[in-house]
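Since the structure comes first, as structure tokens, the remarks are kept for the end.
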Amino acid sequence: MTRPTPETLAHRATPATVAAAAGTPAVVTVPPTPISGAGSLVRSLEALGVEVAFGIPGGAILPAYDPLYDSKVRHILVRHEQGAGHAATGYAQATGKVGVCIATSGPGATNLVTPIADAYMDSVPIVAITGQVARPAIGTDAFQEADIQGITLPITKHNFLIQTPEEIPRIMAEAFHLALTGRPGPVLVDVPKDVLQAATTFAWPPTLDLPGYRPTLHPHGKQIREAARLIAAAKRPVLYVGGGVLKAGATEGLRKLAESTGIPVVTTLMALGAFPDSHPQHLGMPGMHGTVPAVYALQKADLLVTLGARFDDRVTGKLDSFAPDAKVVHADIDPAEIGKNRHADVPIVGDARHVIDELIAAVSATAGGTAAYAPWWAQLNDLRERYPLGYDEPTDGTLAPQYVIERIGELVGPEAIYVAGVGQHQMWASQFIRYEKPGTWLNSGGAGTMGYAVPAAMGAKVGRPDTAVWAIDGDGCFQMTNQELATCALEGIPVKIAVINNGNLGMVRQWQTLFYEGRYSNTELGTHKHRIPDFVKLAEALGCVGLRCESKDDVDATIKAAMEINDRPVVIDFTVGKDAMVWPMVAAGTSNDEIMFARDVRPAFDEDDL
């Protein structure tokens, strides 16, 4: 993944900052040139190094589509604005660059709200460009008017309503700089139609002025020294790693820190791939559906070294019972996260890459390696032996969804990008595919957005066309955004979509089984009983290859057949049993001490041998 150097994250942006933010190798100076506001917008995108934008034209944004016709920026015409937003997110997550989506005013803009919120929760750098009614009509309830700036205020890192055509280059450059630097996030730029139509001049680079924006990159030395002191004194430390480590490009440093200290590592759902799953110090994913050793390690730790994670409720369970005996070192580039959910004994504000590098230097003199924590590792390894991830074969002869996902991971391999929807299949994909490298796992973590997978996979494949991209989706999620497969077919984007079709809203059904006495209210989708829709026929109608697999004996052959098709998208209907559940599980609102390894099976977390 590409990422700007620390020098590009300066308080006051420069032409070099703008170029780095978009991945442009050099700044090209353009003298003032007569142009329309729409032309200025498109020329700004070109100057920022934008390769692709996902969008749909409409009345208010239409003036921008005329200069886009002649632009070197590739525009991909999606079938729904939500697809444009998630595609921009997938592109950004796969490449490390800013993703761009475009929509018109009113419903076009409001259809972007879900992907913008999704990107905000997962700190993904996207710039959403929306058309707006002409300035004199704003506030009059004009046709297709919506206050998208106000609507998205809580879910954007920043947003703009452009008032004059002259400010278009500056605001576009600021939008890209804000989206990618510091804690990444979505930025919205709303452009009235008359501003797009007005005559102006275009000059590049613009002068940026962001006086209130000062991301802290380098941690305070005193805090690093105090963290090193706690690490040296700890008997049961854990490196609690979040998605911020991936965004900082800090994975090599993380590995060095872990290996030099011998501290166990857990990686959150958003951090999978930041530390190799195969590494002996990796305990897996913590949280609601995390591994028993990872959950236990956090609960029984005496020190949490928290790097780019935010103590999300899906990790902590009942907050006041989480890691009760642990001191906390909390490092994050966003000071608002530190102390928000859990008190930090040592708060460290800074870029994770710098924090980790400075921690390595500070602890190197006292690092004892894995042997220093022999009793701690003995307990954790015992739990690994007793509670490995696994699953039971269905007794009714149906296909196990976990087996399907496990075989996809084995056959496709660790070089591929895996994109998941939300639900049981997401959790199984996080558990049964091994992630060895950063940037190979994309999912909607914070918002939990059903419908994310297909368009995000499309965006990831556009960003990394030489990499295999597999979406692991559910039959519920798939029906929300599968229209983007038509986009993939027409645009030559050969993604692979594995639909884990259990005929139900699986995660909801699991909760109904466990907590609602099996009263399955409105969770059956009809994709089993009636084959409505028939996913193979639907795939073919959308210009894709459709395959179906219902037997364990056919799984490998079906996956291999899909891997051989690279000129069109492929959809595989894996028809699986409806009764499989995701284990382990910590029920919402309960303590991690109450983790269930299987129904009515709880590991002994009350051991008194620490």
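Take 1 as the starting number for the sequence shown in the UniProt record's numbering and just add one per residue. Think of the CB as a built atom: it goes at the ideal place given N, C-alpha and C, for glycine as much as any other residue.
- Residue nearest to P215 within the set K193, G182 and A117 is G182 (criterion: CA-CA distance).
- The continuous beta strand (DSSP E) containing T201 extends over residues A199 to W204.
- Between the alpha carbons of I333 and C549 lies a gap of roughly 46 Å.
- Here T114 is buried. Its C-beta has 16 or more other C-beta atoms within 10 Å.
- Here K529 is exposed, its C-beta having fewer than 16 other C-beta atoms within 10 Å.
- Straight through space, the alpha carbons of F597 and W376 are spaced by roughly 21 Å.
- Beyond the five residues adjoining it in sequence on each side, D66 comes within less than 7 Å, by CB distance, of A38 in the same chain, given in chain order.
- Nearest Cα to V576 within the set S321, A88 and Q402: Q402.
- Within the same chain, and ignoring the five residues on either side of I102 in sequence, the residues whose Cβ sits closer than 6 Å to its Cβ are A53, G55 and I129.
- Shortest Cα-Cα distance from P169 to any of I138, D466 and L208 involves L208.
- If you keep only unbroken beta strand (DSSP E) runs of at least 3 residues inside the region 138-187, you get 158-161.
- Beta-bridge partners of C549 (DSSP): F574.
- Within 10 angstroms of the beta-carbon of H80 lie 16 or more other beta-carbons, which makes it buried.
- If only uninterrupted alpha helix (DSSP H) runs of at least 4 residues are considered, those enclosed by the UniProt domain "Thiamine pyrophosphate enzyme central" (224-359) are 243-247, 251-261, 292-300 and 313-316.
- If you look at L77, you'll find it in the beta strand (DSSP E) that goes R74 to L77.
- When the beta-carbon positions are compared, I405 and W428 come within less than 8 Å of each other.
- Within the model, the alpha-carbon separation for A294 versus P286 is close to 5 Å.
- Here L442 is bridged, per DSSP, to V419.
- Between N443 and L269, the C-beta gap is smaller than 8 Å, which places the two residues in contact.
- Of all C-beta pairs linking the region 563-577 to the region 487-499, three or more are shorter than 8 Å, placing the two stretches in contact.
- Rounded to whole angstroms, the gap between the alpha carbons of L359 and L180 is 25 Å.
- Per DSSP, D567 lies in no beta strand (DSSP E) and is assigned neither H nor E.
- Around A227, the same chain offers V329 and V346 as residues with beta carbons nearer than 6 Å, after the five sequence neighbours per side are excluded.
- Minimum Cα-Cα distance from G439 among the listed residues G90, A94, V50 and Y69 corresponds to A94.
- For C101, the uninterrupted beta strand (DSSP E) run begins and ends at G99 to A103, by DSSP.
- Of all C-beta pairs linking the region 105-120 to the region 500-520, fewer than three are shorter than 8 Å, placing the two stretches out of contact.
- Inter-residue distance for Y435 and P165 is about 46 Å (C-alpha atoms, whole angstroms).
- Just so you know, the alpha carbons of A87 and G546 end up roughly 22 Å apart.
- Of the candidates A137, Y373 and Y213, Y373 places its Cα closest to the Cα of A234.
- The region 274-282 makes no contact with the region 384-398, as fewer than three CB pairs between them are under 8 Å.
- A distance of 8 Å or more separates the beta carbons of T89 and I61.
- Residue range V30 to S36 is occupied by the beta strand (DSSP E) that includes S36.
- Secondary structure of G474 (DSSP, three-state): strand.
- By the Cβ neighbour-count rule, S123 is buried, with 16 or more other Cβ atoms within 10 Å of its own.
- Here DSSP, grouped into helix, strand and coil, assigns E524 to strand.
- Membership of F597 in any alpha helix (DSSP H) is not indicated, and neither H nor E is assigned to it by DSSP.
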